[in-house]
Amino acid sequence: MKKLITTKKIQLKEDNKKVEVEPVSRDIHKNIELLQKEFEKSDVTFRRLKVGNHEACLIFIEGLIDKVTIELHAIHELLEAVSIEELSDEYIEQNVVSVNKVLKSNDLAELINYVLDSNAVLVIDGLDKALVLDAKGGTTRSVSEPETEASIRGPREGFTENLGVNKSLVRQKIRSNDLKIISKVVGTHTRTSLAIMYMEGIASPDLVSEVEERIDRIKIDGVLESGYLEEFMEDNPFTVFPQIQNTERPDSVAANLLEGRVAILVNGTPFALILPATFWQFLQASEDYYQRYHISIFLRLLRVTLIFLALLLPAFYIAVTTFHQEMIPTNLLYSIAASREAIPFPAFIEALIMELAFEALREAGIRLPKVIGQAVSILGALVIGQAAVEAGIVSAPMVIIVSLTGIASFTIPRFSLAISIRLLRFPLMLLAATFGLYGIVLGSIVLLTHLCNLRSYGVPYFSPLGPLSWKELKDVFIRVPWWKMDKRPDEFVKENVVREESNLKPSPDQ
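If you want my numbering, it's the position in the sequence shown, counting the first as 1, plus 738.
In structure tokens:
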């Protein structure tokens, strides 16, 4: 059913005939008839009742509203209103219904959208305005611990699929009037609600305007997850590197808002978007800021080392065993040669077989039910690896290399970066098999050049290393004590950069 919405009239197309409809009429029967035609073959409930001596009708979708709110604060109150001194929308709003939020509208097209957006609409005979009762509800998942971002120390609450709950979780972290929220709707059919959150006075106004503009340009029939928006909003859609961070953690959103970034919460998904993002941001876990800085420094240096192993270890093994055997100690070279004596494939094909098998097991472990997924992935890796070695398909050193590579990739805190590293591993293996270490160096130069050329909403993706900013390195490879991080990152914030008082270093005399 097609409808053409104008400011004065609404045209409904039914049976190839256009029926001209005026806005909300004082005749309730006319309003109900038009709305019933619009909601034909749908699950919309029309609850007819009496308000004093006047006919009324409450229109809502049962699965999207809070039944308690509708029954106690709307239907019960309306039926109890036996005598009405003056029939007006102001009187009904102020003296009859006790719903927390009430809007008014005289446009039938707006009323249709309000009903679809989990509200209840009240039309009363004799009034040319309808009341929109905020009674959003329905079945929602309770707040629980994030599954994709587990932490040893820190808050255990994660976002849900309810936008209102998610906004309140962030509000609980930042109880400031400077926290601003811009509400928007995307998707012509899904009409998905989203919220743009930022800190006024900290976030750049140009950044907020750019985010709004990019969202307004999105014209699509439906948005079911924040990933839809991510692909429309990123600067470079052809790179494998994530340019917008996603997170399930309210504390991560709050921390990034305080650093001048912008967050986008989307109804129907527990994953919020944070932008702009840099490469090093994806190597940082939220608990880095909750542990003592000595522990955080060790963990960050460990992650940086392991990301190089996850990216380069198979390629390096292929290069040295194929082209640069002189780099391997003699005893180790004899051991590798003995283990590869019966292997019919070159090192590249051997590594490719094991890497693909490992990726298949990892994907199977994710898709299988949780009860058996982990057991299948672990047992599968052990059984297949042992069987492949005994069958002479791959060598034992290759199984060790692939296993170490897989373990190293699991240490990357953000899945979006981890999957990018896993993808880039294969072209580097091909370069190593073709040109040896020269191929690895060539691939690394191309990769670093690409990272330095990327931008996320005007911010250099590889900053503060490219371009180099010494003062910002205190929160990249290491994490200095909190009393040393007195200023916000200058890539995002140009004004109001100070976030703590000076001279907060603890004194030994205290």
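A virtual CB, placed ideally from N, CA and C, is assigned to each residue, including glycine.
Item: Buried/exposed call for residue 1065, threshold 16 Cβ in 10 Å; Value: exposed
Item: Nearest-angstrom beta carbon gap, residue 1143 and residue 1051 [assumed within contact, 8 Å]; Value: 5 Å
Item: Residue 890 versus 1139, 1048 and 1027, residue with shortest Cα-Cα distance; Value: 1027
Item: Cβ-based burial, residue 1019 [other Cβ within 10 Å; buried from 16]; Value: buried
Item: Supposed close pair residue 764, residue 864 - CB separation, criterion 8 Å; Value: 6 Å
Item: Cα-Cα separation between residue 880 and residue 826, rounded to whole angstroms; Value: 39 Å
Item: is_contact[residue 913, chain B] using C-beta, thresh 7 Å; Value: Any reference to chain B falls outside this structure, which holds one protein chain only.
Item: Nearest-angstrom Cβ-Cβ length linking residue 987 and residue 884, presumed shorter than 8 Å; Value: 6 Å
Item: Which of helix, strand or coil DSSP assigns to residue 1223; Value: coil
Item: Alpha carbon of residue 968 to alpha carbon of residue 1188, nearest angstrom; Value: 20 Å
Item: Validate contact between the segment 980-995 and the segment 1203-1213 using beta carbons, cut 8 Å, 3 pairs; Value: no
Item: Where residue 1148 sits in the DSSP three-state scheme; Value: helix
Item: Bridge partners - residue 783, DSSP secondary structure assignment; Value: 798
Item: Classification of residue 1191 by the beta-carbon crowding that lies within 10 angstroms, buried from 16 upward; Value: exposed
Item: Residue interval of the alpha helix (DSSP H) (run including residue 1023); Value: Counting along the chain, residue 1023 falls outside any alpha helix (DSSP H), and DSSP gives it neither H nor E.
Item: Beta-carbon proximity check, residue 795 vs residue 784, cutoff 7 Å; Value: yes
Item: Buried versus exposed call for residue 805 [16 or more other C-beta atoms within 10 Å across all chains shown]; Value: exposed
Item: 8 Å contact criterion, which residue 790 and residue 821 should meet: CB distance rounded; Value: 6 Å
Item: Euclidean distance between Cα positions of residue 907 and residue 887; Value: 16 Å
Item: Identity of the residue in 1176, 1214, 842 and 965 nearest residue 1058 by Cα; Value: 1176
Item: contact_flag[the segment 919-927, the segment 951-963] where n(CB pairs < 8 Å) is 3 or more; Value: yes
Item: Proximity of residue 1096 and residue 1140 at Cβ, strictly below 7 Å; Value: yes
Item: Nearest neighbour of residue 931, chosen from 1087, 852, 788 and 841 [CA to CA]; Value: 852
Item: Burial state of residue 1195 (16 or more Cβ within 10 Å); Value: buried
Item: Residue 919 burial status per 10 Å Cβ neighbour count (16 or more: buried); Value: exposed
Item: Residues of its chain near residue 900, where Cβ-Cβ distance is below 6 Å and the 5 sequence neighbours each way are ignored; Value: 878
Item: C-beta contact flag for residue 858 and residue 868 at 7 Å; Value: no
Item: Residue of 1014, 1008 and 1039 minimising C-alpha distance to residue 1313; Value: Because the chain spans 739 through 1248 in this model, residue 1313 falls outside it and cannot be assessed.
Item: With 16 other Cβ atoms within 10 Å as the buried cut-off, status of residue 798; Value: buried
Item: Between the CA atoms of residue 769 and residue 759 - distance to the nearest angstrom; Value: For residue 759, the predicted model reports a pLDDT of 47, less than 50, meaning its position is unreliable and no value from the coordinates is stated.
Item: Nearest-angstrom Cα separation, counted from residue 1132 out to residue 1091; Value: 8 Å
Item: Reference residue 1259; option with closest CA among 1235, 1148 and 974; Value: There is simply no residue 1259 to check, as the chain begins at 739 and stops at 1248 in what is shown.
Item: From 1202, 1186 and 1056, residue whose alpha carbon lies closest to that of residue 1136; Value: 1056
Item: Residue environment, residue 828, which counts as buried when at least 16 other CB atoms sit within 10 Å; Value: exposed
Item: Complete beta strand (DSSP E) runs within the segment 814-882 (minimum length 3 residues, chain order); Value: 840-843, 858-862 and 868-871
Item: Spatially closest choice to residue 862 from 1068, 838 and 817, by CA coordinates; Value: 817
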